[in-house]
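Undergrad: In terms of this note's numbering, the sequence shown opens at residue 32 and continues consecutively.
Heads up, the beta-carbon is just placed ideally off N, CA and C, and yes, glycines get one too.
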Amino acid sequence: MRFALRNKSKLIKAFGEDYYKLLISSLTAFAKSNREIAAYTIEGYTYEFINIPNVQPSADSNFQFAIVGKQYDVLHVAYYSAIG
32 MRFALRNKSK
42 LIKAFGEDYY
52 KLLISSLTAF
62 AKSNREIAAY
72 TIEGYTYEFI
82 NIPNVQPSAD
92 SNFQFAIVGK
102 QYDVLHVAYY
112 SAIG
């Protein structure tokens, strides 16, 4: 499974280049781990969500992404929030 993260320029403008690279690194590491994607719903939202672990060694947190589309083996995701 591969991921395509939406709104690169908006994310960089809002959070900075380093945070964007951290999001990409976390998505890439999760994709390489071949773990099952546990999507879930949140009441009041139309999209499903997934939690991706933060790849920073000392961080015990997850990034929450909304699944906005799927084509072949690519999940199109939008960053939603950080948890933890």
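Tell me, which residues are paired with Phe46 by DSSP?
TA: Answer by DSSP bridge pairing: none, since Phe46 is not bridged.
Undergrad: Would you tell me roughly how many angstroms separate the C-alpha atoms of Lys101 and Tyr78, rounded to the nearest one?
TA: About 12 Å.
Undergrad: With the cut-off set at 8 Å, would you say Ser112 and Val86 are in Cβ contact?
TA: The answer is no: Cβ separation not under 8 Å.
Undergrad: Do Phe96 and Tyr110 count as a contact pair if the criterion is CB distance below 8 Å?
TA: In this structure, Phe96 lies closer than 8 Å to Tyr110 by Cβ.
Undergrad: Would Arg33 and Asp104 be called neighbours here (beta carbons separated by less than 8 Å)?
TA: Result yes, Cβ atoms of Arg33 and Asp104 sit closer than 8 Å.
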